[in-house]
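J.: Residue numbers (this note's numbering): 60 to 480. Here a beta-carbon is modelled for each residue, glycine too, at the ideal position from N, C-alpha and C. Here the structure is a predicted model, which means the values were calculated and not measured.
Below is the structure:
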């Protein structure tokens, strides 16, 4: 038993509302339980009740034991002086406000079934608390919850876009460039790629235009890979970078921050930088291009990057390797679409009140294959549908933001199990 469970019962009116009395024996009628407050202050605002026929309006405070009122210092806090009702699971004494006014207390008569179902969930040692019951939940309810989870995930991830917009004077293309760089590094080189993006801006990139070799010189130079040339191509890029550095006042990164160990050569940061150069050489009008795209394949085509002739026979500078095209794979492009493009376009749609772009995000999510990882695989074993990115993103959000944090009371599925099991 915890206070959050009492909040849940009160908020959803899961108690006997017809037979309520104060600890002094006065009849209580609940007109409105109030609005749940998730910040400092009383637990519920704007409640309305009648005590012995007299109507009261104000805040409602909830505790496991009534003496928790004193333990939490509410008797010395004027923010609690407008509390009209103290709701507890166990009454062990009267309470007063800081101005010495007595507060009426009621002791909730807890439903044993609801309490037992909740205890089963929070005491579960399974992969997720609802593991034994997930398959029994109405698929319609699961689908409705998935839609909510997906929107929550997009809203949460779009906050990063909002933060970058504030730093970039609302330049959406500049923001997307930073998101793209962050995603190009995946988990291993995310931080170095983000530092790279902060060391440059689109104004410089656009001044270079579609000059592929100059773009490679710019990216590899800032990344710190041109300081000790090992072959002619690297020397050529180093010479070009020196010119660009003098022209734009560029700052070179320390190359030791880039990670190569324990990864496939095709994922080396040098190859990712070569891919990025190719993407930038084609266009930096990211926002317009994405808004003009109709089908998900149109988006994939925008980021279908190749490497220059040099990188077809190299993974790092100065070390020739067997020739291979090293195209940016579909799975890598889809990863960028899911983690960068969807949150970005969702924020674009909100910013410009563009319903068509918002609809397009959801349509593309349903058209994109699902992510297959340890989380989605486990959900599928429990009976979850995972046929598109729409499904997989919702399932990942459910696991990360609710299940492993044991937020069953905030989860629509958890609420269903508590009330219906």
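If you reduce the DSSP assignment to three classes, tell me which class residue 321 lands in.
T.: Here residue 321 sits in coil by DSSP.
J.: Would you mind working out which of 264, 194 and 247 sits nearest residue 316, comparing C-alpha positions?
T.: Selected option, being the one with the closest Cα: 247.
J.: Cβ atoms of residue 173 and residue 65: under 8 Å apart, would you say?
T.: For residue 65 and residue 173, no; Cβs fall outside 8 Å.
J.: Along the chain, where does the alpha helix (DSSP H) containing residue 104 start, and where does it finish?
T.: Segment 103–110 is the beta strand (DSSP E) holding residue 104; no alpha helix (DSSP H) there.
J.: If you reduce the DSSP assignment to three classes, tell me which class residue 333 lands in.
T.: In this structure, residue 333 counts as helix in the three-state DSSP scheme.
J.: Among 207, 414, 417 and 431, which residue has its Cα nearest to the Cα of residue 393?
T.: Closest by alpha carbon: 431.
J.: Taking the alpha helix (DSSP H) that residue 199 falls in, what are its first and last residues?
T.: Run containing residue 199: 198–226, per the alpha helix (DSSP H) assignment.
J.: What residues in its chain sit with their C-beta under 8 Å from that of residue 271, if we drop five residues either side in the sequence?
T.: These residues qualify, in order along the chain: 336, 337, 340 and 367.
J.: List the residues that DSSP assigns as beta-bridge partners of residue 114.
T.: DSSP output for residue 114 lists 109 as bridge partner(s).
J.: At which residues does the alpha helix (DSSP H) containing residue 174 begin and terminate?
T.: That run of the alpha helix (DSSP H) goes 171–181.
J.: Roughly how far, in whole angstroms, is the beta-carbon of residue 119 from the beta-carbon of residue 103, given that I think they are within contact range, below 8 Å?
T.: Residue 119 to residue 103, Cβ: 4 Å. Contact.
J.: Taking DSSP as the reference, what is the three-state secondary structure of residue 94?
T.: Strand at residue 94.
J.: Look at the alpha carbon of residue 150 and the alpha carbon of residue 161, and state the distance between them as a whole number of angstroms.
T.: Distance between the alpha carbons of residue 150 and residue 161 is about 14 Å.
J.: Tell me which same chain residues have a C-beta within less than 6 Å of the C-beta of residue 245, skipping the five on either side of it?
T.: Excluding residues within five positions, none has a Cβ falling inside 6 Å.
J.: In this structure, how does DSSP classify residue 85 when only helix, strand and coil are distinguished?
T.: Reduced to three states, the DSSP call for residue 85 is coil.
J.: From 146, 63, 379 and 288, pick the residue whose C-alpha is nearest to that of residue 79; which is it?
T.: For residue 79, the nearest C-alpha among the options comes from 146.
J.: Short of 6 Å in beta carbon distance, which residues of its chain neighbour residue 224, apart from the five on each side in sequence? Order them along the chain.
T.: Taken in chain order, the residues that qualify are 234.
J.: Any idea what DSSP makes of residue 451, helix, strand or coil?
T.: Note: residue 451 maps to helix in three-state DSSP.
J.: Which one or two residues does DSSP pair with residue 80 in a beta bridge?
T.: Partner(s): 86.
J.: Identify every run of the beta strand (DSSP E) within the segment 334–386, keeping only runs that are complete inside it and at least 3 residues long; order them along the chain.
T.: Taking only runs of at least 3 residues, the beta strand (DSSP E) segments lying wholly in the segment 334–386 are 373–375.
J.: Spell out the partners DSSP gives residue 466 in its beta bridges.
T.: DSSP output for residue 466 lists no bridge partner at all.
J.: Whose C-alpha, out of 144, 134, 86 and 136, is nearest the C-alpha of residue 93?
T.: Measuring from the Cα of residue 93, the nearest candidate turns out to be 144.
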